[in-house]
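*Asks:* What follows is a structure written as structure tokens; I'll ask about it next.
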Amino acid sequence: GAGGETTAGTLTFVVYFLTQHPNVLQRLRQEILDVVGPSNLPTYDDIKQMKYLRAVLNETLRLYPPVPWNMRYAVKDGILPNSEPDGKPWFIPAGASVSYSVHCMHRRKDYWGPDAEEFDPDRFLDERLHKYLTPNPFIFLPFNAGPRICLGQQFAYNEMSFFLVKLLQTFEDISFERDAFEPNALPPAEWAKFPGRKGKEKFWPRHI
């Protein structure tokens, strides 16, 4: 469901990033030990206090948003501004669908800076936060935004935070070991050579 696959997928990417960035792992673990301790259960106030934990989650959600593409429908005629130089505004008629790629928006260098493709949780803590995100909060949309923002946003943050606290209380190091996979758990090598079915579909979004 909405609260299962998205949370599990995000945590998978978080753990992967921690294996690739041991300095981030150690800094995050130290924050957890300082705030929560080596074995205590985190409280809601503990989770709010751990700024680096939230930054790690946000940076993972930025690079790998659980909903990478989304769509909205116009309930009435409207005009959208065009940010291109000398660009004319966009007219959106009632009933039209407007799709956008959260994945692409989260990696745009004009939105996030020249290091937009890099994993760096500090961008949510240092001067880059106030340079890019604070004046334009709609560039960060892992839970969408506006009046229809995901109702489970805070629950998801709490759930992921609790998992990471218990994980890093238990383990001081995490590594990515390719050899740990069972041979039959990996996709067969010959699959990479398949051309695919090259199918074409047509679909029409249902208008509200």
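Just so we're on the same page, this note's numbering is the position in the sequence shown counted from 1, plus 1463. Ideal Cβ placement from N, Cα and C applies to all residues, glycine included. Computed from a prediction, not measured in an experiment: that's the story for all the values here.
1. Using three-state DSSP, classify M1513 as helix, strand or coil.
2. Exposed or buried, which one is R1641 when buried takes at least 16 other CB atoms within 10 Å?
3. Secondary structure at G1609, three-state DSSP: helix, strand or coil?
4. Quick one: Cα of W1654 to Cα of E1580, how far?
5. To which residues does DSSP link V1561 through a beta bridge?
6. Going by C-alpha distance, which of P1584, T1597, T1482 is nearest I1637?
7. How would you call N1503, buried or exposed, if buried means at least 16 neighbouring beta carbons within 10 angstroms?
8. Contact defined as beta carbons within less than 8 angstroms: I believe P1529 pairs with T1597. What is the distance between those atoms, to the nearest angstrom?
9. Going by DSSP, which residues form a beta bridge with L1543?
10. So which of F1657, N1647, A1652, Q1632 has the shortest CA-CA distance to L1488?
11. Just to confirm the assignment, what range does the alpha helix (DSSP H) spanning W1575 have?
12. May I ask you to report which of helix, strand or coil DSSP gives F1480?
*Replies:* According to the data block:
1. The three-state secondary structure of M1513, taken from DSSP, is coil.
2. exposed
3. helix
4. Their Cα atoms are separated by approximately 29 angstroms.
5. R1535
6. T1482
7. exposed
8. 23 angstroms between Cβ atoms; not a contact.
9. Paired residues: W1553.
10. Q1632
11. 1572-1575
12. helix
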